[in-house]
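Student: Please see the structure below; I have some questions.
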Amino acid sequence: MMNPLEQIKRYTRSTEVYQALTSNRGGPAPTGPRAMLDHGMAPPTQPFTKGLQAVNRNLASHGSDALSELRAQNYITRAKKVENHDMSNTYAHVESAMSWSKSSQQEGKRSMTGVVMNLGGALFAGVQDHANYKTGRVFNKK
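Numbering (this note's numbering), first residue to last: 39 to 180.
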């Protein structure tokens with residue numbers, strides 16, 4: 039019989055949050071919509087796009103194929119807006135969270151994970167956006 043701590047570790051490693059935050063070294067490369075998202079983004083310079091790329095690659099490395107083409111395209115559009123300074127990092131996270139919350143009936147726990155991860159991202163991105171406004175960097179487009 040497995041001890042309780044080992045059971046918790048095994049369960050935690052199977053959760054989408056754990057997989058989103060960790061890379062499975064030697065896991066598969068992104069395919070399908072995950073590859074579309076990975077290739078559709080410019081090299082990331084902003085917190086939203088850096089996080090999006092990292093989470094997408096991490097989930098792909100664990101074999102997750104739970105991303106529709108429509109959702110991937112929506113993320114690409116947001117990423118481009120953020121990189122072009124047409125949308126704040128914070129709002130991109132909030133808009134992503136709202137998108138996930140609308141699909142909660144169909145996607146269950148996965149959509150709640152998307153909501154929580156993006157709202158958490160919005161909190162961290164808000165700090166960076168605030169600093170960019172305070173220093174005037176927000177007005178310097180590339």
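Each residue gets a CB set at the ideal place from its N, CA and C atoms; glycine is no exception.
On a predicted model such as this, the values are computed, not experimentally measured, just so you know.
#1: Taking L59 and L105 to be in contact with their CB atoms under 8 angstroms, please state how far apart those CB atoms are, rounded to whole angstroms.
#2: Once the 5 residues before and after A98 are set aside, which same chain residues still bring their CB inside 6 angstroms of it?
#3: Relative to the C-alpha of Q181, which residue among S134, Y56 and A130 is closest?
#4: So, for S134: in the same chain, excluding its five sequence neighbours on each side, which residues have a beta-carbon less than 6 angstroms away from its beta-carbon?
#5: Quick one, which of T87, R63 and V93 has its alpha-carbon nearest V120's?
#6: When you compare each of E107, A92 and P81 to K118 by their alpha carbons, which one comes out closest?
#7: Starting from D76 and walking both ways along the alpha helix (DSSP H), at which residues does that stretch end?
#8: To the nearest angstrom, how far is the alpha carbon of K140 from that of A169?
#9: Compute the distance between the beta-carbons of A163 and N127, then report whether it is under 9 angstroms.
#10: Which whole runs of the alpha helix (DSSP H) in the segment 121 to 173 are 4 residues long or more, in chain order?
#11: What first and last residue would you give for the alpha helix (DSSP H) that runs through L216?
#12: When you compare only the Cα positions, how much space is there between A160 and R95?
#13: Can you tell me which of G101, H100 and G89 puts its alpha carbon nearest to the alpha carbon of I114?
#14: DSSP on Q84, reduced to helix/strand/coil?
#15: In three-state terms, what does DSSP make of R63?
Tutor: Well, looking at it:
#1: Within the sequence shown, the letter at position 21 stands for residue 59. Within the sequence shown, the letter at position 67 stands for residue 105. That belief does not hold up - the Cβ atoms of L59 and L105 are roughly 16 angstroms apart, past 8 angstroms.
#2: Within the sequence shown, the letter at position 60 stands for residue 98. These residues qualify, in order along the chain: P68 and R72.
#3: There is no way to answer for residue 181, as the model of the chain reaches only from 39 to 180.
#4: One-based indexing of the sequence shown puts residue 134 at position 96. N156.
#5: As a working mapping, residue 120 is identified with position 82 in the sequence shown. Checking every option, the nearest Cα to that of V120 belongs to T87.
#6: Taking the sequence shown and counting its residues from 1, one reaches residue 118 at position 80. The shortest Cα separation from K118 among E107, A92 and P81 belongs to P81.
#7: Numbered from 1 along the sequence shown, position 38 holds the residue referred to as residue 76. Note, D76: alpha helix (DSSP H), G70 to G78.
#8: By one-based count along the sequence shown, residue 140 stands at place 102. By one-based count along the sequence shown, residue 169 stands at place 131. Taking the straight line from one Cα to the other gives about 31 angstroms.
#9: Numbered from 1 along the sequence shown, position 125 holds the residue referred to as residue 163. Numbered from 1 along the sequence shown, position 89 holds the residue referred to as residue 127. Yes, they are a contact pair.
#10: 127 to 140, 142 to 145 and 147 to 173
#11: Outside the displayed range of the chain (39 to 180) lies residue 216, so it cannot be described from this structure.
#12: If you number the sequence shown from 1, residue 160 lands on position 122. If you number the sequence shown from 1, residue 95 lands on position 57. Going from the Cα of A160 to the Cα of R95 covers about 20 angstroms.
#13: By one-based count along the sequence shown, residue 114 stands at place 76. If we check each option's Cα against that of I114, G89 comes out closest.
#14: One-based indexing of the sequence shown puts residue 84 at position 46. Reduced to three states, the DSSP call for Q84 is coil.
#15: Within the sequence shown, residue 63 is the residue found at index 25, counting from 1. Reduced to three states, the DSSP call for R63 is coil.
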